[in-house]
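Worksheet: the structure to be examined is printed underneath.
Residue numbers (the numbering used here): 1 to 86.
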């Protein structure tokens, strides 16, 4: 009985939230750095391109960032991602 309202709230949110289908995500980083692994529910289509069957505001994607070159000339590391969905 105590979990009923919470279950109802979470179920309503899951069924009514906006969902993007057939999405692609591209992730890039500073020269001298490289993304070595990706984690999440997707298919890797290229070194920086992910094919996602669906995504919503609760979706989480992670990656490992490693040094690709001995010297990174920049004092900051920048990561850029773009998501295209229908």
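For every residue, glycine included, the Cβ atom is placed at its ideal position computed from N, Cα and C. Quantities reported herein were computed from a predicted structural model and do not represent experimental measurements.
Taking just the CA atoms, how far does residue j sit from residue i?
{"i": "residue 8", "j": "residue 60", "result": "23 Å"}
{"i": "residue 27", "j": "residue 72", "result": "19 Å"}
{"i": "residue 38", "j": "residue 62", "result": "6 Å"}
{"i": "residue 20", "j": "residue 74", "result": "35 Å"}
{"i": "residue 65", "j": "residue 36", "result": "6 Å"}
{"i": "residue 40", "j": "residue 4", "result": "30 Å"}
{"i": "residue 79", "j": "residue 46", "result": "17 Å"}
{"i": "residue 53", "j": "residue 81", "result": "17 Å"}
{"i": "residue 77", "j": "residue 33", "result": "8 Å"}
{"i": "residue 23", "j": "residue 55", "result": "7 Å"}
Could you tell me if residue i is buried or exposed, where buried requires 16 or more neighbouring beta carbons within 10 angstroms of its beta carbon?
{"i": "residue 12", "result": "exposed"}
{"i": "residue 43", "result": "exposed"}
{"i": "residue 84", "result": "exposed"}
{"i": "residue 50", "result": "buried"}
Run through the DSSP bridge pairs and tell me what residue i is partnered with.
{"i": "residue 18", "result": "DSSP output for residue 18 lists no bridge partner at all."}
{"i": "residue 37", "result": "64"}
{"i": "residue 81", "result": "27"}
{"i": "residue 55", "result": "20"}
Going by DSSP in three states, residue i sits in which element: helix, strand or coil?
{"i": "residue 7", "result": "helix"}
{"i": "residue 45", "result": "coil"}
{"i": "residue 28", "result": "strand"}
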